[in-house]
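Before any comments, here is the structure.
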Ligand code: FES
């Protein structure tokens, strides 16, 4: 398990324990955040699992594939260098202390 600091859309910060090998989206949902609907269930087709990853963590994130990039760039809340789909981030042991903020709903 690694610790991930999650800030919700109301600005409330909470540290969760995330299991390695599952997605950041699943970890956030398992911890009862209700502002990350993740409507497609992780198929990279809805953009409702959009988070901002602190820039200091960018190099530890998996490479962004084209389908993730297209979805994010269409979002009115896109922030270059920070926006990621949390369903496309698989938790691993290099991510202990990761800080993310749930993006506003589009
Ligand atoms: S859950 Fe739909 S794109 Fe991530």
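In my numbering, the protein residues as written are -13 to 92. Where a beta carbon is used, it is the ideal one built from N, C-alpha and C, also for glycine. Keep in mind the model is a prediction, meaning the values are calculated, not measured.
Under 8 Å between C-beta atoms of residue i and residue j
| i | j | result |
| --- | --- | --- |
| residue 41 | residue 67 | yes |
| residue 92 | residue 61 | yes |
Residue from the options with nearest C-alpha to residue i
| i | options | result |
| --- | --- | --- |
| residue -10 | 25, 81 and 55 | 81 |
| residue 18 | 50, -7, 69 and 26 | -7 |
| residue 53 | 65, 44 and 31 | 31 |
| residue 76 | 49, -4 and 38 | 49 |
| residue 26 | 39, 12 and 38 | 12 |
| residue -12 | 45, 6, -3 and 43 | 6 |
Counted within 10 angstroms of its Cβ, other Cβ atoms place residue i as buried (16 or more) or exposed
| i | result |
| --- | --- |
| residue 35 | buried |
| residue 0 | exposed |
| residue 29 | exposed |
TODO: Using the beta-carbon of each residue, find all residues closer than 7 Å to any heavy atom of the ligand FES and list them in chain order.
DONE: 11, 24, 25, 26, 27, 28, 29, 30, 31, 32, 33, 34, 35, 57, 71, 72, 73 and 74
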